[in-house]
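To start, the structure under review is shown below, and the notes come after it.
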Amino acid sequence: MSLEKNRIITIANQKGGVGKTTTAINLATALAAIGERVLIVDLDPQGNASTGLGIDRRDRKLSSYDVLVGDHSITEAALATSVPNLSIVPSTMDLLGFEMEISQEADRVFRLKNALALDDAREYSYVLLDCPPSFNLLTMNAMAAAHSILVPLQCEFFALEGLSQLLETINQVRQSVNPTLDIQGIVLTMFDSRNNLAQQVVSDVREHLGEKVYTTLIPRNVRVSEAPSYGKPAILYDLKCAGSQAYLQLASEVIQRERQRKAA
């Protein structure tokens with residue numbers, strides 16, 4: 001084992017609708033299924049990761065907002081999900097006021113990092129941070145706290161343009177608040193093998209970023225889209241569907257990369 005007690009991965013993209021939350025939920029579920037103790041921290045005020053894991057809004061007595069403002073610890077705010085070994089710090093609309101409330105605080109960028117440094121939070125082997133689809137103080141907290149960033153990228157025309165903006169943002173974060181932040185990988189989502197443009201996007205992204213791009217392609221899949229409305233990860237909703245199988249493959253790639261990193 002490396003010196004760190006857990007691995008904190010931010011799942012981020014400034015663009016919405018790229019499968020970010022779906023990736024967070026299903027990657028976390030796949031990691032939990034092989035015995036890892038996993039925590040998702042939902043940092044999106046919309047709370048889609050919380051809803052997608054079946055956490056009723058009435059049960060969100062404490063949330064990531066309470067952790068960020070320093071009122072409660074990760075352990076106090078974390079809720080067990082229906083997935084064994086998987087917990088979540090849920091989100092509420094209170095997060096909308098977070099940036100304004102602490103804009104003058106010297107440690108405003110490091111609130112989440114400080115919370116995750118406490119011993120109780122380090123009991124999880126993987127912590128996945130699900131970010132809002134914008135670059136704001138919440139995303140900045142996630143990037144400052146993380147060891148690495150995983151980028152879901154939709155197989156569409158403007159994918160590379162959005163990716164170049166995100167890579168520039170990551171460089172800025174390295175220079176300002178987290179010099180050791182690395183790219184865990186780029187995961188290509190919503191892939192349609194019948195679409196020539198999608199094939200071209202895959203080719204272009206692999207050409208530009210090489211080994212940083214995961215081999216696994218996450219396909220467009222109706223069952224994956226349906227699962228959140230039932231409050232379940234796709235892997236529980238329909239294990240055999242193409243989307244679920246792809247997320248299981250992605251989890252094995254993530255673990256393999258972590259093993260290689262630790263061995264280096």
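The opening residue of the sequence shown carries number 1 in the UniProt record's numbering; numbering runs sequentially from there.
Cβ atoms here follow ideal geometry from the backbone N, Cα and C, with glycine treated the same way.
If you're wondering where the values come from, they're calculated on a predicted model, not measured in any experiment.
Original post:
Do the region 140 to 147 and the region 187 to 200 touch if we need at least three Cβ pairs shorter than 8 angstroms?
Top reply: The region 140 to 147 is not in contact with the region 187 to 200.
**OP:** Look up A80 in the DSSP assignment and say whether it is helix, strand or coil.
**Re:** Three-state result, A80: strand.
**OP:** Using a Cβ cut-off of 8 angstroms (strictly closer), state whether R60 contacts chain B.
**Re:** The chain labelled as chain B is not found in the depicted structure, where only one protein chain is given.
Subject >> Burial state of A264, where buried means 16 or more other Cβ atoms lie within 10 Å >> reply: exposed
**OP:** Compute the beta-carbon to beta-carbon distance between I170 and I186, rounded to the nearest angstrom, for a pair I have assumed lies under 8 angstroms.
**Re:** With a Cβ gap of about 11 angstroms, I170 and I186 do not count as contacting.
Original post:
Closest by CA to residue 271, which one among N221, S73, Y65 and S164?
Top reply: Nothing can be reported for residue 271: it is not among the residues displayed for the chain, which extend from 1 to 264.
**OP:** Consult DSSP for S148 and reduce its assignment to one of helix, strand or coil.
**Re:** strand
Original post:
With a cut-off of 8 angstroms, do at least 3 Cβ pairs link the region 200 to 214 to the region 18 to 25?
Top reply: no
Subject >> Sufficient close CB pairs (3 or more, under 8 angstroms) joining the region 42 to 54 to the region 82 to 98 >> reply: By the criterion of at least three beta-carbon pairs nearer than 8 angstroms, the region 42 to 54 is in contact with the region 82 to 98.
Original post:
Is the region 247 to 262 touching the region 28 to 42 in the sense that three or more CB pairs, one from each, lie closer than 8 angstroms?
Top reply: yes
Subject >> Which listed residue (E168, F158 and G243) has its alpha carbon closest to that of F135 >> reply: E168
Original post:
From what residue to what residue does the beta strand (DSSP E) around D238 run?
Top reply: It is not in any beta strand (DSSP E) - D238 carries neither H nor E in the DSSP assignment.
**OP:** Compare the C-alpha of S229 against each of I8, K5, A49 and Q14 and name the closest.
**Re:** A49
Original post:
Is S2 buried or exposed, if buried means 16 or more other CB atoms sit within 10 Å of its CB?
Top reply: Note that S2 scores a pLDDT of 40, beneath 50, so its modelled location is shaky; the value from the coordinates is reported in the next line. So S2 counts as exposed.
Original post:
DSSP three-state call for K15: helix, strand or coil?
Top reply: If DSSP states are grouped into helix, strand and coil, K15 belongs with coil.
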